[in-house]
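Have a look at the structure below, then the notes.
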Amino acid sequence: MSREKTLELRKNVKPFENSELRKSIFQLINTIPPFFILWFLAYLSLDVSVWLTVGLSVIAAGFVVRIFIIFHDCTHGSFFKNKKANNITGTITGIISLFAYEKWKREHNIHHATSGNLDKRGVGDIWVMTVEEYVKASPMKRLSYRLYRNPIVMFGLGPALLFLVSNRFNRKDARPKERNNTYLINISVIVIYSLMIWLIGWQAFAIIQGTILFIAGSLGIWLFYVQHQFEDSYFEVEAEWDYVKAAVDGSSYYKLPKVLQWVTGNIGFHHVHHLSPRVPNYNLEKAHESTPPLQQATTINLRTSLQSIRFRLFDEENKSFVSFKEIEHLLKNTKDKVKLNAKKATLEGK
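Oh and the sequence shown: position 7 is 7 in the working numbering, straight run, nothing missing.
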């Protein structure tokens, strides 16, 4: 993409960057109160059937995903025009969704600034290794990577690690503002959870909130994973990396049924979001439909997105993701070379 086209593309999206107070307030009203109502109904339903409780908790989890999207917009300063309003709303929605607002804002902004950059991986990203890195890695590192990319670990254990570990602790060199915000959210969560357990008992709380967090966490990780892990996703070394290409070619358009699109706050238009993080979630679809070049982004749906599970390593040579099985011959060749070199060394030693 030429510099002229790049500038034109960003210019076309800019009108959609303006948040609208009325729409933001309406989104808060149609998202947060329904979540608490569903939570209360889930508690009442325990006297009817635990399966009804679980069912209502699953629906409530969808609203937590939507609450997280509001949180996410606040971290980009796109939900309200007012910075203080974004910070307050982001902190409150962070308490509900168990995300530390200032901590995640810093990490996620780094993700946006480095997405698809092979030389700047590691902050706010899904762990991606190249084929060459994997082949040269130690057996222990390869095992760690395979475990990390295992769907059971990523989408099963991932939510627990995210909510209980990653989101709860600050980095060593965190600034006071970030550190104190994490403390505030952690203390708020402890107080609220303790009060709820005292009011309704730990069993009821565990069934309802446990189900909500597991489902919401798994869905959230899946959305983040699938929108950057598709076969011909964009990854380049620093010298060749381009922000706009990383946004349009390295982020997918996840075409979801309207209900799921609503629940996920239009985050399926991820290519638009990465091109311009200041576009509030309720304007993402409009920006996509009004900008023809954005409609050329890789489109995936519920069925085709499942294929991303087998994409484990990025092949720099062919510019595409590959499975572990596809590079087994490379590992075998490497092992054979190691054995041959060891044999030569032994013979030379004699």
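All residues carry an ideal CB built from backbone N, CA and C; glycine is no exception. Remember, it's a predicted structure, so these values are computed and weren't measured experimentally.
Inset, instruction - May I ask you to report which of helix, strand or coil DSSP gives E133? - result: As a first step, residue 133 is located in the sequence shown; it is residue number 133 there, counting from the start. E133: helix per DSSP, three-state reduction.
Legend entry - Rounded separation between L294 and K245 - CA only: As a working note, residue 294 is residue 294 in the sequence shown. As a working note, residue 245 is residue 245 in the sequence shown. Their backbone Cα atoms lie some 11 Å apart in a straight line.
Legend entry - Three or more C-beta pairs below 8 Å linking the region 117-133 and the region 182-195: no
Inset, instruction - In angstroms with no decimal places, state the Cα-to-Cα distance between S305 and S115. - result: Translated into positions along the sequence shown, residue 305 becomes position 305. Translated into positions along the sequence shown, residue 115 becomes position 115. Rounded to whole angstroms, S305 to S115 spans 20 Å at the Cα level.
Legend entry - In chain order, each alpha helix (DSSP H) run of at least 4 residues that lies wholly inside the region 17-85: 21-29, 32-44 and 50-75
Legend entry - Backbone secondary structure at T93 - three-state DSSP: Residue 93 sits at position 93 when you count from the first residue of the sequence shown. Here T93 sits in helix by DSSP.
Inset, instruction - Tell whether a beta-carbon distance below 8 Å holds between H271 and S252. - result: For the purposes of this step, residue 271 is taken as residue 271 along the sequence shown, with counting starting at 1. For the purposes of this step, residue 252 is taken as residue 252 along the sequence shown, with counting starting at 1. Yes.
Legend entry - S97 vs F79 beta-carbon contact at 8 Å: Counted from its first residue, the sequence shown places residue 97 at position 97. Counted from its first residue, the sequence shown places residue 79 at position 79. The answer is no: Cβ separation not under 8 Å.
Legend entry - C-alpha gap between Y148 and T75, whole angstroms: Counting from one through the sequence shown, the residue named residue 148 turns up at place 148. Counting from one through the sequence shown, the residue named residue 75 turns up at place 75. For Y148 and T75, the distance between alpha carbons rounds to 27 Å.
Inset, instruction - Could you work out which residue in D315, Q227 and V13 is closest to P280 when comparing CA atoms only? - result: Taking the first residue of the sequence shown as position 1, residue 280 is located at position 280. The residue with the shortest Cα to Cα distance from P280 is V13.
Inset, instruction - Compare the beta carbon distance of I212 and S57 with 8 Å and say whether it is the shorter of the two. - result: As a working note, residue 212 is residue 212 in the sequence shown. As a working note, residue 57 is residue 57 in the sequence shown. Closer than 8 Å, so yes.
Inset, instruction - Return the bridge partner residues of Y253 from the DSSP annotation. - result: Walking along the sequence shown from the start, residue 253 turns up at place 253. Bridge partners of Y253: F269 and T299.
Legend entry - Other residues of its chain near H111: CB distance less than 8 Å, five sequence neighbours each side excluded: Taking the sequence shown and counting its residues from 1, one reaches residue 111 at position 111. The answer, listed in chain order, is V123, G124 and D125.
Legend entry - Nearest-angstrom beta carbon gap, F235 and F324 [assumed within contact, 8 Å]: For the purposes of this step, residue 324 is identified with residue 324 of the sequence shown, where counting begins at 1. For the purposes of this step, residue 235 is identified with residue 235 of the sequence shown, where counting begins at 1. In fact, because the Cβ distance is near 18 Å, the residues do not count as touching under 8 Å.
Legend entry - Nearest neighbour of S166, chosen from E107, M140 and N180 [CA to CA]: The residue you call residue 166 lines up with position 166 of the sequence shown. When only C-alpha atoms are compared, the closest one is E107.
Legend entry - Rounded C-alpha distance that separates I215 from V54: Against the sequence shown, residue 215 aligns to sequence position 215. Against the sequence shown, residue 54 aligns to sequence position 54. Their Cα atoms are separated by approximately 11 Å.
Inset, instruction - Apply the 10 Å Cβ neighbour rule to R171 and answer buried if 16 or more other Cβ atoms are within range, or exposed otherwise. - result: As a working note, residue 171 is residue 171 in the sequence shown. By the neighbour-count rule (16 or more Cβ atoms within 10 Å), R171 is not buried but exposed.
Inset, instruction - Enumerate in chain order the residues of its own chain whose CB-to-CB distance from I327 is below 6 Å, with the five nearest sequence positions on each side excluded. - result: Sequence index remark: in the sequence shown, residue 327 carries index 327 (1-based). Closer than 6 Å at the Cβ level, and outside the excluded window around I327, lie V131.
Legend entry - Whether E17 touches S276 by CB criterion (8 Å): In the sequence shown, residue 17 corresponds to position 17, counting from 1. In the sequence shown, residue 276 corresponds to position 276, counting from 1. Their beta carbons are under 8 Å apart, which means E17 touches S276 by this criterion.
Inset, instruction - Could you give the DSSP three-state label for N117: helix, strand or coil? - result: Indexing the sequence shown from 1 puts residue 117 at position 117. Strand at N117.
Legend entry - Proximity of N117 and W202 at Cβ, strictly below 8 Å: The residue given as residue 117 occupies position 117 in the sequence shown. The residue given as residue 202 occupies position 202 in the sequence shown. Result no, Cβ atoms of N117 and W202 do not sit closer than 8 Å.
Inset, instruction - Would you tell me roughly how many angstroms separate the C-alpha atoms of L157 and N150, rounded to the nearest one? - result: Position 157 of the sequence shown, counted from the start, is the residue given in the question as residue 157. Position 150 of the sequence shown, counted from the start, is the residue given in the question as residue 150. The straight-line gap from Cα to Cα measures roughly 10 Å.
Inset, instruction - Mind reading off the beta-carbon distance from T299 to K255? Whole number of angstroms is fine, and I expect it under 8 Å. - result: Residue mapping note: residue 299 aligns to position 299 of the sequence shown, counting from 1. Residue mapping note: residue 255 aligns to position 255 of the sequence shown, counting from 1. Their Cβ separation, rounded to whole angstroms, is 6 Å, which keeps T299 and K255 in contact under 8 Å.
Inset, instruction - Would you check if the distance between the CB atom of G77 and the CB atom of K83 is smaller than 8 Å? - result: Looking up residue 77 in the sequence shown gives position 77. Looking up residue 83 in the sequence shown gives position 83. Against a cut-off of 8 Å, the Cβ pair of K83 and G77 comes out as a contact.
Inset, instruction - Check the C-beta distance from N301 over to E285 and give it rounded, since I have them as a contact under 8 Å. - result: Translated into positions along the sequence shown, residue 301 becomes position 301. Translated into positions along the sequence shown, residue 285 becomes position 285. In fact, because the Cβ distance is near 16 Å, the residues do not count as touching under 8 Å.
Inset, instruction - Return the CA-CA distance between R142 and K136, expressed in angstroms with no decimal places. - result: Counting from one through the sequence shown, the residue named residue 142 turns up at place 142. Counting from one through the sequence shown, the residue named residue 136 turns up at place 136. Taking the straight line from one Cα to the other gives about 9 Å.
Inset, instruction - Kindly list the residues whose CB is nearer than 8 Å to the CB of A204, restricted to its own chain and excluding five residues on each side of it in sequence; keep chain order. - result: For the purposes of this step, residue 204 is identified with residue 204 of the sequence shown, where counting begins at 1. Once the five neighbours on either side are set aside, the close Cβ partners of A204 are Y43 and L46.
Legend entry - Contact check, T93 vs F63, beta carbons under 8 Å: Translated into positions along the sequence shown, residue 93 becomes position 93. Translated into positions along the sequence shown, residue 63 becomes position 63. Their beta carbons are not under 8 Å apart, which means T93 does not touch F63 by this criterion.
Inset, instruction - Determine the extent of the alpha helix (DSSP H) in which L294 is found, giving its start and end residues. - result: As a working note, residue 294 is residue 294 in the sequence shown. L294 -> no alpha helix (DSSP H), and no H or E assigned at all.
Legend entry - Euclidean distance between Cα positions of L28 and S188: Position 28 of the sequence shown, counted from the first residue, corresponds to residue 28. Position 188 of the sequence shown, counted from the first residue, corresponds to residue 188. Whole-angstrom Cα-Cα distance: 20 Å.
Inset, instruction - Note down, in chain order, each residue of its chain lying with its Cβ closer than 7 Å to the Cβ of A60, except the 5 sequence neighbours on either side. - result: Counting from 1 along the sequence shown, the entry for residue 60 is found at position 60. Excluding its 5 nearest sequence neighbours in each direction, A60 has C-beta neighbours in its own chain below 7 Å: F35, L38, W39, A42 and I212, listed in chain order.
Inset, instruction - Give me the Cα-Cα distance between R310 and L219, rounded to the nearest whole angstrom. - result: Sequence index remark: in the sequence shown, residue 310 carries index 310 (1-based). Sequence index remark: in the sequence shown, residue 219 carries index 219 (1-based). Roughly 18 Å separates the two Cα atoms.
Inset, instruction - With DSSP as the reference, label S218 as helix, strand or coil. - result: As a first step, residue 218 is located in the sequence shown; it is residue number 218 there, counting from the start. Helix.
Inset, instruction - Kindly examine the ligand NAD and report whether one of its heavy atoms sits closer than 7 Å to the Cβ of K103. - result: Because no ligand of any kind appears in the structure shown, any question about the ligand NAD cannot be addressed here.
Legend entry - From R66, I95 and I32, residue whose alpha carbon lies closest to that of Q261: Mapped onto the sequence shown, residue 261 falls at position 261. Checked all of R66, I95 and I32; the closest Cα to Q261 is R66.
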